[in-house]
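The sequence shown stops at residue 246 when you use our numbering, and every number in between is there.
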Amino acid sequence: MSRINGFVGRRNFMKFLGVGGVGIAASAAGSSFLWDAQQAVAQQPASTPQQKPPSVSPDEAMKRLMEGNKRFVDEKRQIPNQSRLRLQETAVAQYPFASILGCADSRVPAEIVFDQGLGDLFVVRVAGNVASQTAIGSLEFSTAVLGSQLIIVLGHSRCGAVSAAIADDPLPGRIGVFVEEIKPAVERVRFKTGDIEENAVTANVQYQAAQLAESSTILAGLIRDSKLKIVGGRYDLATGQVTIVT
Ligand SMILES: [Zn+2]
């Protein structure tokens, strides 16, 4: 891998991260980077079995995810894209059709609850599904570079991170770092009628989704160009069902 002044060259950087055969131009941030599709294809082994699939629209991606979640809820999972062939295909390139910003909670694994497989989803998980700087950077990569056109911000019932933000108690170590990022959402519903935990989970999904679009010029540019939708979702721990948060 070539290095320029100590940095890995951009083209090799893309290759290193598994971007093969993808023609992406993103100029939303004022800086533009172009990935030469022909070069990328030429760099792949001749025996590569996977062609670059057509891009998946936000609505089609949403449909695939909700159908997968229904299979999960109905105990009719197909457990797709987990064969040895799929493993080999995805070893040389990845084309995830959707991105998820979900909670790190052990009970909400995205590939299982949406019944997807290897290379299908680009998943960023952090306690409280907060739109941290590193989460935003990861999602800029999955959309602007890998071509995913849908981001779901996925909260869930009885989220411990949200409960901690409501309690507002001192926390040890760095636990408070992500809890602080949830507090603005909690304050929006602190005096609202109903269950504050339930209201705060929904408010946090809405807040973090808004943070993505507002604090990233790359994501905002893709939305403006109709190449990205950011959608809120809420997962029910008891039923396994994902419902859309508007
Ligand atoms: Zn959680």
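Glycine residues also receive a C-beta, built at the ideal position from the N, C-alpha and C atoms. These numbers come from a predicted model, not from an experiment.
{"Item": "Which stretch, first to last residue, makes up the beta strand (DSSP E) that contains VAL123?", "Value": "121-125"}
{"Item": "Please classify PRO96 as buried or exposed, where buried requires at least 16 neighbouring CB atoms within 10 angstroms.", "Value": "buried"}
{"Item": "Tell me which residue opens and which closes the beta strand (DSSP E) that LYS70 is part of.", "Value": "No beta strand (DSSP E) holds LYS70; the alpha helix (DSSP H) holding it covers 58-73."}
{"Item": "Could you give the DSSP three-state label for ARG188: helix, strand or coil?", "Value": "helix"}
{"Item": "Looking only at C-alpha atoms, which of PRO109, SER99 and ALA104 sits nearest to GLU140?", "Value": "SER99"}
{"Item": "When we look at the beta-carbon of VAL177 and count the other beta-carbons within 10 Å, is it buried (16 or more) or exposed?", "Value": "exposed"}
{"Item": "My output table needs one value for SER99: the three-state DSSP class, helix, strand or coil.", "Value": "strand"}
{"Item": "Using beta-carbon positions only, say whether GLU181 and SER132 come within less than 8 Å of one another.", "Value": "yes"}
{"Item": "What is the DSSP secondary structure of LEU34, counted as helix, strand or coil?", "Value": "Model confidence at LEU34 stands at a pLDDT of 40, short of 50, so the residue's coordinates are unreliable; what they give is reported in the following sentence. DSSP places LEU34 in strand when its eight states are reduced to three."}
{"Item": "Between the stretch 228-242 and the stretch 59-79, can you find at least three pairs of beta-carbon atoms closer than 8 Å?", "Value": "yes"}
{"Item": "For ILE175, which option in GLY160, PRO184 and THR246 has the closest C-alpha, if you only look at C-alpha atoms?", "Value": "GLY160"}
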